[in-house]
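S.K.: If you scroll down you'll find the structure; I have some questions about it.
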Amino acid sequence: MELNESSPDKHVWSLTSSGQYTAKSAYTALFNGAIAFEPFERIWKTWAPPKCRFFMWLVAHNRCWTADRLAKRGLPHPDVCILCDQHEEDLHHLLVGCVFARIFWFTFLSHFGVATLAPTPADQNFEEWWRKMDGAVQSDLRRGGNSLVILGAWSIWRHRNDCVFDNVTPNVNSVLHLAKEEAGRWSAAGAKGISLISAGLQLSWGSLLVALVFLPR
Ligand SMILES: [Zn+2]
């Protein structure tokens, strides 16, 4: 099935049965998430701005509009993952299972000297990979590590949408560019330490490591 570009986007709020946004449903969802949701700390203790934290909350609850969810609702959806053109698209595939995503993570994390933390072909579940990665990072570097995960996932999602909706050709360098731009915005908004992440896209891990260790937490 092709996406029909002539039909306008339909916005459906997934937290109420009517599909209509209500502040109460959003508040309840966030509040419930604060209690029951295991990656809560990992999402909130980062330098990510609210829009990216909310995106991660949607990821954690599998509420992003990937092809599998669109198909379930009978909505137009891409037949295969737009990034690899091989596999059906679901959230875990898109963020870690996809060969394109793995190349991105490897390249992205290489800039920070932690390419060994990139997902391997055995990592097919985003949350499990994140939990594993978080456990492998020294405790005083976790805020930086989790910020990198959110920055990477957000950038993959944005690039995926550029490819699906704007006919952009999948390209790992484009995702890296999006990540760099986004890190710049976080920095401009005053996020503590995020300028070091931007710097990590140019500097060696050594200087970044030293800087992250001495960041206020
Ligand atoms: Zn794919």
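In the working numbering, the protein residues as written are 1 to 217.
Heads up, the beta-carbon is just placed ideally off N, CA and C, and yes, glycines get one too.
For clarity, every value in this text was computed on a predicted model and none was experimentally measured.
Given this structure, state the Cα-to-Cα distance separating residue 183 from residue 74, to the nearest angstrom.
M.R.: As a position in the sequence shown, residue 183 is number 183, starting the count at 1. As a position in the sequence shown, residue 74 is number 74, starting the count at 1. For residue 183 and residue 74, the distance between alpha carbons rounds to 36 Å.
S.K.: Do residue 89 and residue 80 have their C-beta atoms closer together than 8 Å?
M.R.: In the sequence shown, residue 89 corresponds to position 89, counting from 1. In the sequence shown, residue 80 corresponds to position 80, counting from 1. Closer than 8 Å, so yes.
S.K.: Is the region 119-131 in contact with the region 158-166, if contact means three or more CB pairs nearer than 8 Å?
M.R.: No, because fewer than three Cβ pairs between the region 119-131 and the region 158-166 fall closer than 8 Å, the two stretches do not touch.
S.K.: Specify the secondary structure class of residue 159 as computed by DSSP and reduced to three states.
M.R.: Along the sequence shown, one-based indexing puts residue 159 at 159. Helix, per DSSP.
S.K.: Please confirm if the region 64-74 is in contact with the region 128-146, defined as three or more CB-CB distances below 8 Å between the two stretches.
M.R.: With a cut-off of 8 Å, the region 128-146 and the region 64-74 do not count as touching, because too few Cβ pairs lie within range.
S.K.: Label residue 82 either buried or exposed according to how many other C-beta atoms from any shown protein chain fall within 10 Å of its C-beta, with 16 as the threshold for buried.
M.R.: Taking the sequence shown and counting its residues from 1, one reaches residue 82 at position 82. Counting Cβ neighbours within 10 Å, residue 82 comes out buried, since at least 16 surround it.
S.K.: Considering Cα atoms alone, identify which of 103, 86 and 78 is closest to residue 156.
M.R.: On the sequence shown, residue 156 is found 156 positions in, with the first residue counted as 1. Checking every option, the nearest Cα to that of residue 156 belongs to 103.
S.K.: Please state the DSSP three-state secondary structure of residue 68.
M.R.: Within the sequence shown, the letter at position 68 stands for residue 68. Residue 68: helix per DSSP, three-state reduction.
S.K.: Tell me the rounded alpha-carbon separation between residue 45 and residue 134.
M.R.: Translated into positions along the sequence shown, residue 45 becomes position 45. Translated into positions along the sequence shown, residue 134 becomes position 134. Their backbone Cα atoms lie some 12 Å apart in a straight line.
S.K.: From this set, 146, 121, 115 and 141, which residue's C-alpha is nearest residue 93's C-alpha?
M.R.: Residue 93 sits at position 93 when you count from the first residue of the sequence shown. The option with the nearest alpha carbon to residue 93 is 121.
S.K.: What is the rounded straight-line gap between the Cα of residue 33 and the Cα of residue 64?
M.R.: For this step, residue 33 is matched to residue 33 along the sequence shown. For this step, residue 64 is matched to residue 64 along the sequence shown. At residue 33 the pLDDT is 45, less than 50, meaning the model places this residue with poor confidence and gives no usable figure here.
S.K.: What does the Cβ neighbour count give for residue 146, buried or exposed, with the cut at 16 atoms within 10 Å?
M.R.: Translated into the one-based positions of the sequence shown, residue 146 becomes position 146. Counting Cβ neighbours within 10 Å, residue 146 comes out buried, since at least 16 surround it.
S.K.: Could you tell me whether any non-hydrogen atom of ligand 1 is closer than 7 Å to the CB of residue 100?
M.R.: As a working note, residue 100 is residue 100 in the sequence shown. Checking the Cβ of residue 100 against ligand 1 gives yes.
S.K.: Any heavy atom of ligand 1 closer than 7 Å to the beta-carbon of residue 141?
M.R.: Here residue 141 refers to the residue found at position 141 when the sequence shown is read from its first residue. The answer is no for residue 141.
S.K.: Under the rule that 16 or more other beta-carbon atoms within 10 Å means buried, what is residue 50, buried or exposed?
M.R.: Start at 1 with the first residue of the sequence shown, and residue 50 comes out as number 50. When all chains shown are included, residue 50 counts as exposed.
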